[in-house]
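Under the UniProt record's numbering, think of the first position of the sequence shown as 1, with each following residue one higher.
Note that beta-carbon positions come from the ideal geometry of N, C-alpha and C, so glycine has one too.
Data block below; observations after.
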Amino acid sequence: MILKKGMKVKVCVGKDKGKSGEIIEINRVRNLAKVKAVNMVKKHKKPTKENKGGIISKEAFIHLSNLKNLTENKKVKK
């Protein structure tokens, strides 16, 4: 299965099982993808001259084998 940036996918394994979203980034070497608003983690940032520090929520990578492609009519391909 070939997944590309911008495709709609559904998570089939893990804490976000059943959630769906759009792929925003892919790492082909490690077979990982970031899905919009799925697998959110909190990162602690130190304050700098430009940015105020704090806790920031952002997407983390998910392995491609844990994602299913969704077609236009919202049915899951096997």
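1) What number of angstroms, rounded off, separates the C-alpha of S20 from the C-alpha of K52?
2) In whole angstroms, what separates the C-alpha of G14 from that of G54?
3) Output the distance between the C-alpha atoms of H44 and G18, rounded to the nearest integer angstrom.
4) Compute the Euclidean distance between the alpha carbons of V29 and T48, then round it to the nearest angstrom.
5) Using 8 Å for Cβ pairs, my map puts I62 next to V11. What's the rounded Cβ distance?
According to the structure shown:
1) Roughly 32 Å separates the two Cα atoms.
2) In this model, G14 and G54 are separated by some 27 Å (Cα to Cα).
3) A direct Cα-to-Cα measurement between H44 and G18 gives close to 28 Å.
4) Taking C-alpha positions only, V29 is separated from T48 by approximately 32 Å.
5) For a cut-off of 8 Å, the C-beta gap from I62 to V11 is around 7 Å, short enough to register as a contact.
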